[in-house]
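Chemist: Submitted below is the structure of interest, expressed as structure tokens.
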Amino acid sequence: LTQVKSFINDIKSLVKIEPKSLCGIELHYGILMRYVTSSPAYLGHEYEALEFDITYYRAKDPLTPRLYEDFIEEIEQIALFKYNALPHWGK
Numbered sequence: 002l003t004q005v006k007s008f009i010n011d012i013k014s015l016v017k018i019e020p021k022s023l024c025g026i027e028l029h030y031g032i033l034m035r036y037v038t039s040s041p042a043y044l045g046h047e048y049e050a051l052e053f054d055i056t057y058y059r060a061k062d063p064l065t066p067r068l069y070e071d072f073i074e075e076i077e078q079i080a081l082f083k084y085n086a087l088p089h090w091g092k
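In the numbering used here, the protein residues as written are 2 to 92.
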């Protein structure tokens, strides 16, 4: 929770580099932020956290790049490596 502001600022810095990168997000992508409490459940979180879910669509052809694919991948890399985020359980 203490690093959320820094993470959001990192995303804003990326948007400054490519201002159109999140344009039309309601059409192609979705970013959901939600608060999660700690839980002793098997798949529960050990501590309170914020979850960011990024939804995007891929073409049926794996060689066709996604719209602003590099931007979304950069967000993923920052989250995983700079902030020690966890990917979705099924990934």
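Think of the CB as a built atom: it goes at the ideal place given N, C-alpha and C, for glycine as much as any other residue.
By the DSSP assignment, the beta strand (DSSP E) with L51 in it spans what residues?
Modeler: The count along the sequence shown starts at 1 and reaches residue 51 at position 50. Run containing L51: 50–56, per the beta strand (DSSP E) assignment.
Chemist: Helix, strand or coil for L33? Go by DSSP, reduced to three states.
Modeler: Position 32 of the sequence shown, counted from the start, is the residue given in the question as residue 33. L33 falls in the strand class under three-state DSSP.
Chemist: Since S40 is in the alpha helix (DSSP H), which residue starts that stretch and which ends it?
Modeler: In the sequence shown, the residue the question calls residue 40 occupies position 39. That residue, S40, is in no alpha helix (DSSP H); it is neither H nor E in DSSP.
Chemist: Quick one: residues in its chain with C-beta nearer than 8 Å to the C-beta of V16, no 5 flanking neighbours on either side, listed in chain order?
Modeler: One-based indexing of the sequence shown puts residue 16 at position 15. Once the five neighbours on either side are set aside, the close Cβ partners of V16 are S22, L23.
Chemist: Considering only C-alpha positions, which residue in the set D11, L51, P41 is nearest to L87?
Modeler: Stepping through the sequence shown from its first residue, residue 87 is reached at position 86. It is L51.
Chemist: Can you name, in chain order, every residue of its own chain whose Cβ lies under 7 Å from the Cβ of Y84, other than the five neighbours on each side?
Modeler: If you number the sequence shown from 1, residue 84 lands on position 83. Within the same chain, Y84 has close Cβ partners Q4, F8.
Chemist: Taking all protein chains shown into account, decide if L72 is buried (16 or more other Cβ within 10 angstroms of its Cβ) or exposed.
Modeler: Taking the sequence shown and counting its residues from 1, the one referred to as residue 72 is at position 71. Checking the sequence, you will find Phe at residue 72 rather than Leu. With 16 or more Cβ atoms within 10 Å of its Cβ, F72 is classed as buried.
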